[in-house]
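Read through the structure below, which is laid out as structure tokens, and then see the notes.
Numbering (full-length UniProt numbering), first residue to last: 1 to 561.
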């Protein structure tokens, strides 16, 4: 492994040094017995290109385009596509132009190193040429974050123009078309929902047709791309239809707590099976969320502040494409109300205590299998006022010690430090290929905590100045790394057996809403102080007003509080 000396350092202000660096690189690679046309990777900060030792002039021109002083580093121990790796790192320099610290070797994977960049700069490095194809991580990072500054449709239009321009140059068009197809393949795999819009799909097909007209070998790849993309979009359509059907078959539970209530506890008293069905639902809902939906959800309220704001059509597109996050949030809310309903629908203390014990056991099973979202939702319901105030019910409970352990795991103290430590261990467990029994090794993050973390990263990306010329690229990289991990979580396969009857119950059984759940709690155990009495009286009036046309006044009138 070697690096070029300081007198060969690259500076766009010093042509002599630039030429020295390029010539030094080429001569050293020849002396290291690298044959002509052997590919090697040239990495310049956030940009990667594949070149060979025959195109030294093109290499020097490429270096001359850069705007930051750099130092060449050659890694002779690594191999990229059967060749060698050459890196260019940012090295602090003295006034004399020589390195002010010892050379460091670039042995880390891809990482954007510029603190800020413009939209145009990011787009320029995103589009392939005949001798350059962007790194997969770079493609993901830019396509994920840049969409609030330029819509996917406009980006595809720019790519189409870029293809035409490159083709007119006429240098190695076969390689250019292959690199363009590679970019489109990565795009469609990472962000398939971008092509829900007909104009985007039409542009995609047009660009692929253009590439195939140059290189007929790409036709098979283009067919595969369209097949994969249509499969994902069809799955989204089926998912949305299924959710619509579910919503049509669900309703509110309008009757108050009763003695002879048959619930899930009587029919499916198996916490493990119940937790397994929750994992099925969680992973199905989670898998449908596109990474870009978080960007849309966080950004739709700040679009008008941008230097080049999106038009109204793009604004509507942003809101629509965050629907799967909304569906997931609705599921979390349903699970929370389902747990509260199953506890508070019983007028007898022993039945409420049995239901409470059941869901503590379910939460424990969720914790054991790595379903932290259901754990947090169930624990949040048990810790809510509607359930927590049922003191007589808690006295009848037999697994209070187990609840204390779960309470510790979901403690928000120190920025959820207990949960984060457990999540880290679960991540390691799910990736441990040496494990003899990997069944059920899933990781479903606590969505509320994940959402908060991603929002903080997104807000960080807007500082110090959010405009199209000063983008916080470091924050973009951190955000995309978190989204890569999210993609790994949602792609996990659930190996548990499906219980269709139990799934149908969880998804369709009538449940209380917020007001009815709180009021049912007061019906189970009457108010014990003035504050609770006032709250109960206020709830009664609100419910009578809200549900008088739905036959709910009978339920309210049955209260003996």
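Using N, Cα and C, we set each Cβ at its ideal position, and we do this for glycine too.
Rounded C-alpha distance that separates residue i from residue j
i: residue 143; j: residue 175; result: 22 Å
i: residue 513; j: residue 121; result: 50 Å
i: residue 218; j: residue 181; result: 8 Å
i: residue 245; j: residue 511; result: 17 Å
i: residue 502; j: residue 290; result: 28 Å
i: residue 543; j: residue 184; result: 54 Å
i: residue 420; j: residue 448; result: 13 Å
i: residue 524; j: residue 200; result: 56 Å
i: residue 126; j: residue 227; result: 24 Å
i: residue 546; j: residue 406; result: 36 Å
i: residue 168; j: residue 213; result: 14 Å
i: residue 485; j: residue 495; result: 20 Å
i: residue 428; j: residue 530; result: 51 Å
i: residue 288; j: residue 324; result: 6 Å
i: residue 299; j: residue 483; result: 16 Å
i: residue 574; j: residue 422; result: Nothing about residue 574 can be reported from this structure: the residues present for the chain run from 1 to 561 only.
i: residue 191; j: residue 328; result: 18 Å
i: residue 215; j: residue 164; result: 14 Å
i: residue 58; j: residue 123; result: Annotation note: pLDDT 45 at residue 58 (below 50); position unreliable, no value reported.
i: residue 204; j: residue 156; result: 7 Å
i: residue 332; j: residue 377; result: 7 Å
i: residue 292; j: residue 522; result: 43 Å
i: residue 402; j: residue 365; result: 11 Å
i: residue 282; j: residue 118; result: 38 Å
i: residue 411; j: residue 507; result: 28 Å
i: residue 206; j: residue 160; result: 8 Å
i: residue 202; j: residue 189; result: 17 Å
i: residue 197; j: residue 243; result: 21 Å
i: residue 276; j: residue 499; result: 9 Å
i: residue 248; j: residue 238; result: 15 Å
i: residue 394; j: residue 408; result: 18 Å
i: residue 64; j: residue 294; result: Residue confidence is low: residue 64 scores 41 on pLDDT, short of 50, so the model does not pin down where it sits. Its coordinate-derived value is still stated next. Cα-Cα distance, rounded: 38 Å.
i: residue 195; j: residue 152; result: 9 Å
i: residue 541; j: residue 527; result: 16 Å
i: residue 150; j: residue 322; result: 17 Å
i: residue 345; j: residue 404; result: 24 Å
i: residue 73; j: residue 339; result: Low per-residue confidence applies at residue 73: pLDDT is 37, beneath 50, and the placement is therefore not dependable, though the value from the model is reported in the following sentence. Roughly 59 Å separates the two Cα atoms.
i: residue 209; j: residue 138; result: 25 Å
Bridge-paired residues (DSSP) for residue i
i: residue 451; result: None; residue 451 has no bridge partner.
i: residue 523; result: Paired residues: none, contrary to the question.
i: residue 346; result: 258
i: residue 528; result: DSSP, once it has assigned bridges, lists no residue as partnering residue 528.
i: residue 116; result: 472
i: residue 244; result: DSSP output for residue 244 lists no bridge partner at all.
i: residue 252; result: 511
i: residue 129; result: 132
i: residue 444; result: 371
Integer-rounded CB distance, given that residue j should sit under 8 Å from residue i
i: residue 341; j: residue 457; result: Wrong, their Cβ atoms sit about 36 Å apart, outside the cutoff.
i: residue 265; j: residue 355; result: 5 Å
i: residue 444; j: residue 286; result: 6 Å
i: residue 347; j: residue 258; result: 6 Å
i: residue 470; j: residue 116; result: 5 Å
i: residue 480; j: residue 145; result: 7 Å
i: residue 279; j: residue 369; result: 6 Å
i: residue 128; j: residue 179; result: 3 Å
i: residue 186; j: residue 136; result: 6 Å
i: residue 398; j: residue 357; result: 6 Å
i: residue 177; j: residue 211; result: 4 Å
i: residue 621; j: residue 236; result: Because the chain spans 1 through 561 in this model, residue 621 falls outside it and cannot be assessed.
Neighbour flag for residue i against chain C, beta carbons, 9 Å
i: residue 210; result: This model lacks chain C altogether; it includes just one protein chain.
Item checked: the region 526 to 537 contacting the region 358 to 368, beta-carbon criterion three pairs below 8 Å -> No: fewer than three Cβ pairs fall under 8 Å.
Item checked: contact_flag[the region 512 to 530, the region 383 to 393] where n(CB pairs < 8 Å) is 3 or more -> Of all C-beta pairs linking the region 512 to 530 to the region 383 to 393, three or more are shorter than 8 Å, placing the two stretches in contact.
Next item on the list: Decide yes or no for the touch test of the region 367 to 378 against the region 347 to 356: beta carbon pairs closer than 8 Å, at least 3 of them.
Entry: Segments in contact, no.
Item checked: Whole alpha helix (DSSP H) elements within the region 323 to 383, 4-residue minimum -> List check, alpha helix (DSSP H) in window: 323 to 344, 349 to 369 and 372 to 382.
Item checked: 3-residue-minimum beta strand (DSSP E) runs that sit fully inside the region 379 to 422, ordered along the chain -> Segments of the beta strand (DSSP E) lying fully in the region 379 to 422: there are none.
Next item on the list: Kindly provide the ranges of any alpha helix (DSSP H) runs that are 4 or more residues long and lie completely inside the region 153 to 200, ordered along the chain.
Entry: If one requires a minimum length of 4 residues, the alpha helix (DSSP H) runs lying completely within the region 153 to 200 are 173 to 190, in chain order.
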